[in-house]
Structure formats: structure tokens, C-alpha cells
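Sequence lines, in order, name chains A and B.
All letters in the first sequence, in the order written, are residues 1 to 401 by full-length UniProt numbering.
All letters in the second sequence, in the order written, are residues 1 to 401 by full-length UniProt numbering.
Number of protein chains: 2
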Amino acid sequence: MPTISQRGEQMPSSPIRKLVPYAEAARKKGVQVYHLNIGQPDIETPAAALDAVRHFDFKILEYSHSAGNESYRQKLTQYYSRFDISLDPSQIMITTGGSEAILFGMMGCLDPGDEIIIPEPFYANCSGFAAEAGVILRPVNSHIEDGFALPPMEAFEAQVTKRTRAVLICNPNNPTGYLYSRQELETLKQICLKYDLFLFSDEAYREFCYTGTHFSALSLTEMEDHVVLMDTISKRYSACGGRIGAFITRNRAVLNATMKFAQARLSPPSFAQILGEAAVDLPVDYFDGVKTEYLARRDLLVKEMNAIPGVFCPNPGGAFYAMARLPVPDAEAFCQWLLEEFSHEGHTVMLAPGNGFYATPGLGKNEVRLAYVLNRDALKKAITCLKIALDRYPDTAIKKG
Amino acid sequence: MPTISQRGEQMPSSPIRKLVPYAEAARKKGVQVYHLNIGQPDIETPAAALDAVRHFDFKILEYSHSAGNESYRQKLTQYYSRFDISLDPSQIMITTGGSEAILFGMMGCLDPGDEIIIPEPFYANCSGFAAEAGVILRPVNSHIEDGFALPPMEAFEAQVTKRTRAVLICNPNNPTGYLYSRQELETLKQICLKYDLFLFSDEAYREFCYTGTHFSALSLTEMEDHVVLMDTISKRYSACGGRIGAFITRNRAVLNATMKFAQARLSPPSFAQILGEAAVDLPVDYFDGVKTEYLARRDLLVKEMNAIPGVFCPNPGGAFYAMARLPVPDAEAFCQWLLEEFSHEGHTVMLAPGNGFYATPGLGKNEVRLAYVLNRDALKKAITCLKIALDRYPDTAIKKG
């Protein structure tokens, strides 16, 4: 019998999804699971954007342009201009989710064995994309104590080798929620210019900034040929299932190379391009309501989490994630226990174990990522569950409260 | 300035799409282009399937399961049972187009440097996916003279090395339209069993067989662990823009590995999964009308093409493509000339140069692929255009009427 590849063997499991079978088993036992493990918002997709899909008028569901519909790319230039980012449509390539944008960046800019420096913890699926592209992620450790601020320039420089080709950030960050300051972006610029590196910037959560304002990598001067933006409508418009993202750069050679990858897979999905295009026309105050909601959830989450004995949860500046340190020796074992053994009044809570967001073995072992994608009532109940669970868990280090 | 990767440099351009800029320029000059270059059917997407999308009733466009909606996978087992193929939903993974299914197969079953034996000419984007996966395609030449029948077993065996991991076929074939017989599938089975290889079978055009009936690789006995089916709804239901395909195997290890790749990119597109699921419920005679239309087009195309002096076009048994040999020294130059220099009564025709479908340099140089995706009237006009063009083209070898 032919065997699978080493690549398939070594491909990491998603820390966000690998406990899914335990959650399914819990549900089958009648336990209701609060999902804080995955960034699937409960916010409704804007009705006007959904309606645009309902009212499509074509009779043939054709391939779109490999770079996405021209009309959509044109419209996106308006979207970015709101952030004083000037683009022309040829600099925008519509991708199948932000996922494909990240993969295209790795494929088009790096060869197998080349390296990307990435602050850890980082978006876990980057490990998967790196495995697919044969690229090595060189982590630079950021720390829960200072809320996962950008590590100092020296920490990046210590990781530079002759195979380093790019720095990859997610801003505001998934999984930490950290919002990088303009000054931190300027630091990254220095590193990229000094070592001639690409700056890959995943800005999926641009609109969701609570403490400070967002500064895009595309706004950096002198970095036209270095910056590649990976974007997506998944979180912005609560449209995760659409699988529409964008790969944006002013580097013409990168665009030309990426176009070949885009052509090989023919086109991005047609229906959700309609949704994305319509979403650009939402009233500009659309995000105010969503942001207010996320902000209230964040405040609730951080307060309630830090009130649990032994828990430490820094206050994230953006996105809708927080990393927290739990008073347990092994958060993954605890997360599994939550699903397999625990329930409180018929409920339990699902978290993403922190270790999956780190490349350095051993790090994040007592951390979890929480996505505040549930309404405040559910969120509060979920955290109550967690508190009771930590009190009941045999291996909890601190017993008090 | 950071440079692109060698992978990006070496990534082949799509032979189907690389002449697009010339077509755009022709259009701007007011010339109408008959598109025989791309497999974008003019057949309407079934209204019932489109309506299912129009009537979606969710308020949040959520991620689906990474393997696709359970209800859709369940429904697909019914679809395959019509061909006496027995599957359970866990053996089906919904992919983002057939493209992703091919890429998943290469990623999960082969390591960089591993080899796939493939009859050439072959679906051109396989070269792109192979470049992404770092996999080497070892072509076995099939010949226009015998309509591109499966090369003999010895030709395959001559290509086997210690890095060979799979054989890849497309049945019926894109670009040749050749329909492999059951006996030819049995030959491939022998090769795969003898050398312990995967059999990757792209069966996107299963319903479109005109001469003989389709025999699926999944119907081969003793091949449960060897066969991986790459499928798609793009051509079946004229739903190319949906980007919905399927990766199907009974090999559990391959499914488990592939699931990790599927989880990394989160989920296939949600809207078109609704379309795919609804399409399974179309009346079973749905394909009769479509097939009758394609058959009439094939007959027209083959007859008209072979009536052009110096042209040879074998009669394809399935799909909606034909390869033809033209009396020109360089078909790619001719195809470009058609768009740049030629017009007849305000029209020209776009073809896909044959060389892009071959891996062996020099082969297919005087061949083109034609997709009969236009109605008979347009098809006839397109071939008339081609005939006049060949007569007028300075480098045409045979001048007679």
C-alpha cells in the first residue's frame, strides 16, 4: 500500500480544530459547548451584503478573472483609500480567503528552505502553510507579561540568516490581540530595509482596534517593494464561509509571479466576490456598532478572566482574541478534560491550547487562546464555566477563591 | 529590493490564459473573439441549483466543516452510487475546485522531488501544482495519430524510478478528449499494484462521454488504498465560478493527512456548496440534454476541422476538448497572430497553444487545444475564421483550397 508523504505526516494539526472530535463527543452526551476556540464570530453578516448575493442575475456561474473581478478590485481601491492607502486595481489580487494570500506570499517570495521571521505566538495555520511551501518559520518570542509587544530589533536580528527572506506579522494580532504601534512598524521597516526582506502583513482585523489606531504596513514609506499585505473579508464582515481575501503589493515582480499561482487555480469563488464588493458600500459607520460590541466583550473577558485565581490575561488592543495563562501544567490536557470530563449545569467551554501557536517547543504550554465571538451573556457563562472547571480540575496549581 | 523565489520564477504560465492580454487588445480594437481556448461552457448553470443559492436562509456566513458540509458529503454518496461507487461521507472531502483536490493529492502523497507519471499532453495546470508541491511530472507520450490512447504499459514502466509515487490521469481527458477504456484502467491498475503507486484520477468530465461509457478508477477492485479521485462540479453543472470540487479516497491515512491541509485553509466556499448539494437532486435526465448538445458540437467541430487543408483532428470520446494539428510550424506564434494581426468580418478566434500541455520540450508545437464550449452557430463561425486565417497566415505549410 502506498504511504503518505513525510510532508503529510509532518503537517501540523490545527490547534483550533484538533479538539473538535472531543467537542462532538461532548455534544453527543448532551453537553452544550461554548466555543471560544475559533474565530467564528456570532455577528450577523451585513444583510445588504448577503442580499447582493441573493440578487445575482447571471445565468452561468463562470470563472472570474484569476485576480478576481475587476469591478471588485476597483471597489477595493476605494476601501483602502479610506485608510489613506493609494492602490490601483492591478496591485490587488483577490484570493480564496486570507489563507491563500499567505500561501501565495510564501510560494512566490520564498523557496523551500528559505526562512521567515515571525513573532510568536502566531496564527497557527502559518505553520501549515509553511509546511506546504517548504518554508521555515523562525520564531521571535513575544511575552505575555508585556501583552505580547513587538520584540526588540535585536531579537529579530539574532534570527537573521542567509536564508531569511521575510518577516511576517499579523496586526492586530491573532492570537494575542496585540495592536502594533506605528513605531513598531517603523522598527520592522528598518529590519526589512537593512536585510532586504519582504514584510508580510496580515491585517484581517484592521477595523477592530480598541486601544490606539491601526497603522498599515502599506502606509510605510520606502517599502513599496517590500510590503505584501494579506487581507480577508472573513472577520471584517463576518463572512468566514465566503473564502474571499486579498493579496496586495506594489512589487510588480511579486504580482507577476503570484498571478501564475492564481491562474493555476483558475479563479477565486464568484458568489462571495459579490458579497465583498457590496460590503465596501456599507455605510462607513457600519463598523462602529460591531466595534462597540467587541470592545464591550473584550472588557468583560479581560476583567472576568483576571478575577479567576491564578489566571493572567493581558488586555488586547485589537482583533477579538486574547491569550491567557492558566494555573495548569498543561493547557492542552486541560482543554481536552474540559470537553471529556467536565460540565457545569450541562455546559462546558472549548478553548484553543496555546502551545499550537508557538513554534518553540515547550512555550505556551500553560496558555490558551480565547476568541470573544459570543455575546456577553454567553461569554460570561463560558468564563464562569472555566472558573468552576479550574477550581475542580485536579491539576490546578492554585486552589483558593 | 527583495526578489521573488525561483519557484515563482519557474512557475509555468497557463497556456489557456497566457494569451489573454492579446485577446484584450483585440477586443479594444473592436474585434470579436471566439473563445475556444478555455473550458468555460456557455451552457446555463441549472436554474434549480442557482435558486438554491438565492434562497439560502442563514444570517451568518460561517466557516463550513473543513471537509465540507456533512449534508453535502452525504448527498454526494448518492451521486456516486449512481455509478455503482459505494462511499461513505468520511471518504469525501469537499475542496476549493478540482484544482485544490489535485494540489492536496500532490501535497499529501508526495514529497518534494517525488515523481508522478502522467500521459502527455495533460491538463496544463498540473505543471503549476507540481511546481507548488515541488513534485516532478514524468510524461509518457500519447499520440495524436491514435487519438491519444493510453500509452502501453512498457512506456509507463520505462518512467518508473525509485522516486515514483503516483500515476495521474484525467478521464475523459483534458486536453485530448480521450476516454480511457476499462481495459486501459486495468492496465494502470497493474502498474500501480506492481510498483505500489497511487492512482490519481481526475474525472471532472465523467458525464460527458460520447463514444463508450465511463469507467471510474474508484470501480477498480484491490485498489482501495491506491486510488485518489479528483472531482469538481465546475464542468458537470457549468458552475466553474463556484470553486467546488472533491477529493475522494478510501485510503484512511491519506484522508487523515489531507484533512490537515484542509484544516489549515479552514473550509471550502460555503455558497457554492449549497449549489453542489442542490445539483445532486437534479432530474437524472438533466445530463441527456447537455450531452446531446456537446455531442452535436463535437461532431461539427471534428468534421469542420478535418475539412481544413492540412488540419488533423482526432475524434474525442468525451469531455469537451479536442487537440488538433495545424499546418503551421509554431502554433503558439499562430495563436498570437490570430489575436494580434488577423480578423475576418470583425472576428477572430482564440485557441490554446498545444505546447503548454506537454512537459517534453518541442512536443505539441504544431497542435492546439479547442474547447467546444460555444453553440454550434458560433462554433461554425469560429472554425470558418480559423480556416481563413490558416489560408492567410504567411507560415502555413499547405496552401490549397
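Heads up, the beta-carbon is just placed ideally off N, CA and C, and yes, glycines get one too.
Paired residues, beta bridge with residue i - DSSP
i             : result
Pro353/B      : Val368/B
Thr95/A       : Gly245/A
Pro139/A      : Ile118/A
residue 403/A : The requested residue 403/A does not occur in the structure, where chain A is confined to residues 1 to 401.
Met230/A      : Asp202/A, Phe247/A
Thr348/A      : Val33/A
Closest residue to residue i among the options (Cα-Cα distance)
i        : options                                : result
Lys75/A  : Thr96/A, Glu184/A, Val280/A, Asp196/A  : Val280/A
Asp148/B : Pro329/B, Gly318/B, Val328/B, Thr384/B : In the sequence as presented, Asp is not what sits at residue 148/B; that position holds Phe. The option with the nearest alpha carbon to Phe148/B is Gly318/B.
Val373/A : Arg252/A, Gln183/A, Asp42/A            : Asp42/A
Glu115/B : Ile233/B, Phe200/B, Ile92/B            : Phe200/B
Ile102/A : Asp299/A, Thr292/A, Ile248/A           : Ile248/A
Ala389/A : Ala371/A, Leu282/A, Cys335/A, Leu370/A : Cys335/A
Ala49/B  : Phe58/A, Glu145/A, Ala48/A             : Phe58/A
Gly30/A  : Asn366/A, Pro353/A, Ala359/A, His344/A : His344/A
Pro12/A  : Gly134/A, Thr77/A, Tyr79/A, Thr95/A    : Gly134/A
Thr232/A : Asp225/A, Ser219/A, Glu203/A, Met223/A : Glu203/A
Pro283/B : Pro46/B, Pro15/B, Ile38/B, Gly8/B      : Pro46/B
His35/A  : Leu351/A, Ala262/A, Tyr205/A           : Leu351/A
Ala166/B : Lys189/B, Ala23/B, Tyr63/B             : Lys189/B
Pro152/A : Gln183/A, Asn174/A, Arg27/A, Cys170/A  : Gln183/A
Lys18/B  : Val302/A, Gln263/A, Ala333/A           : Gln263/A
Cys126/A : Glu62/A, Asp285/A, Leu168/A, Pro172/A  : Leu168/A
Thr96/B  : Asn69/A, Tyr210/A, Arg243/A            : Arg243/A
Arg369/A : Leu386/A, Asp391/A, Ala324/A           : Ala324/A
Nearest-angstrom Cβ-Cβ length linking residue i and residue j, presumed shorter than 8 Å
i        : j        : result
His347/B : Gln40/B  : His347/B to Gln40/B, Cβ: 18 Å. No contact.
Ser238/A : Glu44/A  : 7 Å
Glu304/A : Ile383/A : 4 Å
Glu224/A : Asn251/A : 7 Å
Ser64/B  : Ser216/B : That pair is no contact at about 26 Å.
Ile94/B  : Ala246/B : 6 Å
Leu339/B : Asn366/B : Not quite, the Cβ-Cβ distance comes to about 18 Å (not below 8 Å), so this is no contact.
Glu120/B : Ala359/B : 6 Å
Arg297/A : Arg236/A : Wrong, their Cβ atoms sit about 17 Å apart, outside the cutoff.
Three-way DSSP call (helix, strand, coil) for residue i in this model
i        : result
Val31/B  : coil
Glu184/B : helix
Ser66/A  : coil
Phe215/A : coil
Ile116/B : strand
Tyr393/B : coil
Asp196/B : coil
Cys209/A : strand
Asp146/A : helix
Thr360/A : coil
Tyr80/A  : helix
Tyr321/A : strand
Ala131/A : helix
Phe287/B : helix
Phe104/B : helix
Phe261/B : helix
Phe312/A : strand
Tyr237/B : coil
Gly401/A : The predicted position of Gly401/A is uncertain, since its pLDDT is 42 and thus under 50; no value can be drawn from it.
Asp51/B  : helix
Asn306/A : helix
Asn174/B : coil
Ser86/A  : coil
Ser13/A  : coil
Lys75/A  : helix
Val280/A : helix
Met153/A : helix
Ile191/A : helix
Checklist entry - If contact means a Cβ-Cβ distance below 8 Å, which residues of the segment 62-76 of chain B contact chain A? => result Glu62, Tyr63, Ser64, Ser66
Item to check | Interface residues of the segment 250-273 of chain B facing chain A [CB-CB below 9 Å] | outcome: Asn251, Ala253, Val254, Asn256, Ala257, Thr258, Met259, Lys260, Phe261, Gln263, Ala264, Arg265, Leu266, Ser267, Pro268, Pro269, Ser270, Phe271, Ala272, Gln273
Next on the checklist: What are the residues in the segment 168-196 of chain A lying within 7 Å of chain B by C-beta distance?
Outcome noted: Asp196
Next on the checklist: For the segment 275-294 of chain A, list every residue whose C-beta sits within 9 Å of some C-beta in chain B, in sequence order.
Outcome noted: Leu275
Checklist entry - What residues in the segment 205-236 of chain B have a beta carbon less than 7 Å from any beta carbon of chain A? => result Asp225, His226
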